[in-house]
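Q: So the mapping is simple: the working numbering equals the position in the sequence shown, first residue as 1, plus 373.
Ideal placement from N, C-alpha and C gives every residue a C-beta, glycine not left out.
Because the structure is a prediction, the values reported are computed rather than measured.
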Amino acid sequence: MIKVSQRNIGRSEPSALPISSDQFERLIHEHSPALYRVAFRMLGDRHLAEDVLQEAFRSVWTGRAKLDPERSERAWLASILRRRIIDRWRKKSDVKSVGDSEMLDRASFDVDPFGDELSSEMQAALERLPTELKETLLLVVVGELTHREAAETLGVPIGTVLSRVNRARGRLREYLSARQPK
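1. Below 6 Å CB to CB, which residues in the same chain sit around K507 once its five sequence neighbours on both sides are set aside?
2. So, at 7 Å on beta carbons, what are the nonlocal neighbours of I453 in its own chain, with the 5 sequence-adjacent residues on each side left out?
3. Helix, strand or coil: which one does DSSP assign to S445?
4. Going by beta-carbon coordinates alone, are L510 and V411 separated by less than 8 Å?
5. If contacts are defined as beta-carbon pairs under 8 Å, then V425 and I458 qualify, I think. What distance do you get, rounded to the angstrom?
6. Quick one: residues in its chain with C-beta nearer than 8 Å to the C-beta of A524, no 5 flanking neighbours on either side, listed in chain order?
7. Since A448 and E522 should fall inside the 8 Å C-beta cutoff, what is the C-beta to C-beta distance between them, to a whole number of angstroms?
8. To which residues of the same chain is V538 closer than 7 Å at the C-beta, ignoring the five residues directly before and after it?
9. Roughly how many whole angstroms lie between the Cα atoms of H404 and E423?
10. Using 10 angstroms around the beta-carbon of A451, count the other beta-carbons present and answer buried if the total reaches 16, otherwise exposed.
11. Exposed or buried, what is R542 when buried is set at 16 or more other beta-carbons lying within 10 Å of its beta-carbon?
12. Which two residues bound the contiguous alpha helix (DSSP H) that contains A438?
13. Using only alpha-carbon positions, find the residue among E494, K439, D441 that is nearest to A551.
14. Using only the alpha-carbon positions, how far apart do F413 and L502 sit?
15. Tell me which same chain residues have a C-beta within less than 7 Å of the C-beta of E505, skipping the five on either side of it?
Quick look at the structure:
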């Protein structure tokens, strides 16, 4: 498991609560495995995923006063992670444009330290999905968000989430069945 702690994130004045350090530690331990898997699948690189997760938890700590107790913790964390991933994509595209085949190669051969059951074929198929479908599917399936939490995270209606997940699964079936010998 990735070690993220308050010491790694930085200190801030206690007046910024509503999250205590103990609650923050609980958030890290409870949600970081699922959030890491989402980051890894979205970025295709374990080091980038670790960095982005660290940045996301730093943002959580510095913005902890903004936590809405009515909102799902996981949806709040996932929305912060999503923004950090988008920031990373923008930064990467400013530096160098990576071709699709290079991205597929890199994503397919990087080792997932969590060893979840997604094969390199599945990762390659995921990379072919449009970003909105891939992101929605990963939040629900890999990130273990409910459809409602994913809708909240993405800022879209729940029906859009259901539709995107359904379309993403359909396309993955097409991509993977086309790769199977007949």
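A: The relevant details are as follows:
1. L499
2. A429, S432, V433
3. coil
4. no
5. 6 Å
6. P530, I531, T533, V534
7. 4 Å
8. T509, L510, V513
9. 14 Å
10. buried
11. exposed
12. From DSSP, A438 is part of no alpha helix (DSSP H); its letter is neither H nor E.
13. Comparing Cα positions, the closest option is E494.
14. 16 Å
15. If we look at E505 and ignore the five residues flanking it on each side, its Cβ neighbours are R537.
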